[in-house]
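Quick note: the sequence shown uses our numbering, first residue 490, plus one each step.
These notes are about the structure you will find just below.
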Amino acid sequence: MLIVKKFGGTSVGDKERIFHVARRCVEEYRKGNDVIIVLSAMGKTTDELIAKAMEITPNPPRRELDMLLTTGEQVSVALMAMAIDSMGVPVVSLNAFQVSMHTTRVYGNARIKRIDTDRIMHELEIRRIVIVTGFQGVNKYDNYTTLGRGGSDTTAVALAAALHADACEIYTDVDGVYTADPRVVPTARKLKEITYDEMLDLATLGAGVLHNRSVEMAKKYGVQLVVRSSLNDNEGTIVKEETSVERMLISGVALDRNTARISVIGLKDQPGIAFKLFNLLAKENINVDVILQSIGRENSKDISFTVARSEADEAVEILTQNKNRVGAASISCNKSVAKVSIVGAGMMSNPGVAAKMFEALYNENVNINMISTSEIRVTVLIDEKDAERAMNAVHGAFGLEE
Numbered sequence: 490m491l492i493v494k495k496f497g498g499t500s501v502g503d504k505e506r507i508f509h510v511a512r513r514c515v516e517e518y519r520k521g522n523d524v525i526i527v528l529s530a531m532g533k534t535t536d537e538l539i540a541k542a543m544e545i546t547p548n549p550p551r552r553e554l555d556m557l558l559t560t561g562e563q564v565s566v567a568l569m570a571m572a573i574d575s576m577g578v579p580v581v582s583l584n585a586f587q588v589s590m591h592t593t594r595v596y597g598n599a600r601i602k603r604i605d606t607d608r609i610m611h612e613l614e615i616r617r618i619v620i621v622t623g624f625q626g627v628n629k630y631d632n633y634t635t636l637g638r639g640g641s642d643t644t645a646v647a648l649a650a651a652l653h654a655d656a657c658e659i660y661t662d663v664d665g666v667y668t669a670d671p672r673v674v675p676t677a678r679k680l681k682e683i684t685y686d687e688m689l690d691l692a693t694l695g696a697g698v699l700h701n702r703s704v705e706m707a708k709k710y711g712v713q714l715v716v717r718s719s720l721n722d723n724e725g726t727i728v729k730e731e732t733s734v735e736r737m738l739i740s741g742v743a744l745d746r747n748t749a750r751i752s753v754i755g756l757k758d759q760p761g762i763a764f765k766l767f768n769l770l771a772k773e774n775i776n777v778d779v780i781l782q783s784i785g786r787e788n789s790k791d792i793s794f795t796v797a798r799s800e801a802d803e804a805v806e807i808l809t810q811n812k813n814r815v816g817a818a819s820i821s822c823n824k825s826v827a828k829v830s831i832v833g834a835g836m837m838s839n840p841g842v843a844a845k846m847f848e849a850l851y852n853e854n855v856n857i858n859m860i861s862t863s864e865i866r867v868t869v870l871i872d873e874k875d876a877e878r879a880m881n882a883v884h885g886a887f888g889l890e891e
């Protein structure tokens, strides 16, 4: 069997944890399996590197920032290779260049285009454990790129897909996917399995267990994922196309604090205005989420939408520079908001789910600013100060407790 194992930063945060992971992978190797390990940077290394960049300049060039950030994974894979080698097992560590992990050219948020598998296959054929840097790739200019926060998950899934691996295991500091973040909702319970679509929405809406693009890729290529803890041997959560357990109405509740609401007031109520507005942001790779359009007075309209909080200032600056072009009277931004979402494929066949969520928020006196829905999710934008109270209320209303 060929098994891809991905370990997050906390799983390799110090010497003891590195050796714990090494022993776990060597045990798998000694069963006769081929093993590929994908690693994130150790502990808080990425945050520390970003802080160092900010000491130099508040606006580092994106190419140079990626050049800096990719050093984190190179440290962790080299140390892991040393640990496994000390156990007498043949091993090699490879970075994105050595693997030839081809990506798009966008710095900070690149997408994987293809992987040249020859080098990895050669190393596996001579019975080496292969350790690969997560989170990074190389663009057509031979420059390092990074895949965005949590991108090591996507690296692991991409390798599993390209090499037709028998298993792809994502190890993290929690032992599976929960109905809510157990640090926020103490009564949250672990799911045995969840569909790709449900996991994709939860990941996109703030559940930090998996990188959303990794789930997207797993669904596209049929890679079955297992999310489990690196700190114990508990059974994890399986992410796959269909679940065999009886479908629950709601699979989980997600909270996203990394959001900001931008309001563009007094736009002309005529065709093409929304296109002009959002095309400006799309050109700068700023992703827009919840959108609300309301009709104003005297043939005008207001458009409000959410973006990642980290991109809010850039978005406001772009819109302000083009204020006359889009014909806006004013532009405002509120960063003190959060998104709470419910996700579940059971919604499709059960009316009244949204009403139940809104009732739970009403009972807690939580005001809703914006609403967005799809077939399997309902998202509300609320004041950030109400976020944890709202999440616990909604979780309890749908009976998701342990």
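Ideal placement from N, C-alpha and C gives every residue a C-beta, glycine not left out.
Which value, in whole angstroms, describes the spacing of the CA atoms of residue i and residue j?
i    : j    : result
S575 : A843 : 56 Å
K504 : M571 : 11 Å
T693 : P579 : 38 Å
R750 : M859 : 9 Å
S740 : H700 : 18 Å
D555 : L538 : 10 Å
L557 : L528 : 17 Å
G561 : A530 : 5 Å
N813 : E864 : 37 Å
V501 : S719 : 9 Å
N811 : I526 : 47 Å
F887 : V832 : 11 Å
N768 : G639 : 27 Å
V728 : L680 : 10 Å
V826 : R702 : 24 Å
D514 : L889 : Rather than Asp, the amino acid found at residue 514 in this sequence is Cys. Spanning the two alpha carbons is a distance of roughly 34 Å.
A892 : I615 : Since the first residue shown for the chain is 490 and the last is 891, residue 892 is missing from the structure and cannot be characterised.
T862 : L689 : 15 Å
I601 : L568 : 25 Å
R512 : D536 : 28 Å
L738 : A542 : 46 Å
A647 : T534 : 24 Å
Just tell me which of the options has its CA closest to the CA of residue i.
i    : options                : result
A879 : K602, S830, S838, A834 : S830
P760 : V588, V815, N776       : V815
A669 : I865, A542, D875, G697 : G697
T644 : N632, Y710, Q625       : Q625
I780 : I762, R513, S752, E806 : S752
I492 : E658, L850, R746, D872 : E658
T592 : L636, G623, V581       : L636
V855 : D758, A834, K828       : K828
C822 : G833, V832, V796       : V796
V595 : L568, K729, I807, N632 : N632
R798 : S582, N852, V621, E873 : E873
N857 : L870, M846, A511       : What sits at residue 857 in the sequence shown is Ile, not Asn. Of the listed residues, the one whose Cα sits closest to I857 is L870.
R519 : G498, M490, F508, T534 : M490
N584 : T559, L770, R600       : T559
F847 : L808, V867, S838, A654 : V867
E877 : R603, P675, A651       : P675
Which residue comes first and which comes last in the beta strand (DSSP E) that contains residue i?
i    : result
G626 : 625 to 627
H591 : 590 to 592
T795 : 789 to 796
D523 : 523 to 528
S582 : 580 to 583
K494 : 491 to 496
E658 : 656 to 661
I775 : Neither: I775 is in no beta strand (DSSP E) and is coded neither H nor E.
S783 : 780 to 784
D745 : 741 to 745
S752 : 749 to 757
Does the beta-carbon of residue i have 16 or more other beta-carbons within 10 angstroms, so that it is buried, or is it exposed?
i    : result
K629 : exposed
H611 : exposed
I792 : buried
N881 : buried
A677 : buried
R672 : exposed
A787 : What sits at residue 787 in the sequence shown is Glu, not Ala. Under this definition E787 is an exposed residue.
F496 : buried
D662 : exposed
N723 : exposed
Y667 : buried
K708 : buried
S641 : buried
N776 : exposed
A743 : buried
Tell me the residue span of the alpha helix (DSSP H) that contains residue i.
i    : result
I762 : 762 to 771
D536 : 534 to 545
I573 : 551 to 574
I507 : 504 to 518
Does any C-beta atom of chain B lie closer than 8 Å to the C-beta of residue i?
i    : result
K494 : Protein chain content of the structure displayed is limited to a single chain, and chain B is not contained in it.
**Item:** Length at least 4, wholly inside the region 813 to 889: the alpha helix (DSSP H) runs in chain order
**Value:** 842 to 852, 876 to 886
| task | Jot down the residue ranges of each uninterrupted beta strand (DSSP E) in the region 667 to 728, minimum 3 residues, whole runs only, in chain order. | result | 682 to 684, 714 to 718
Review point. Residue ranges of each alpha helix (DSSP H) run of no fewer than 4 residues wholly in the region 590 to 649, ordered along the chain?
Key: Qualifying alpha helix (DSSP H) stretches, in chain order: 607 to 614.
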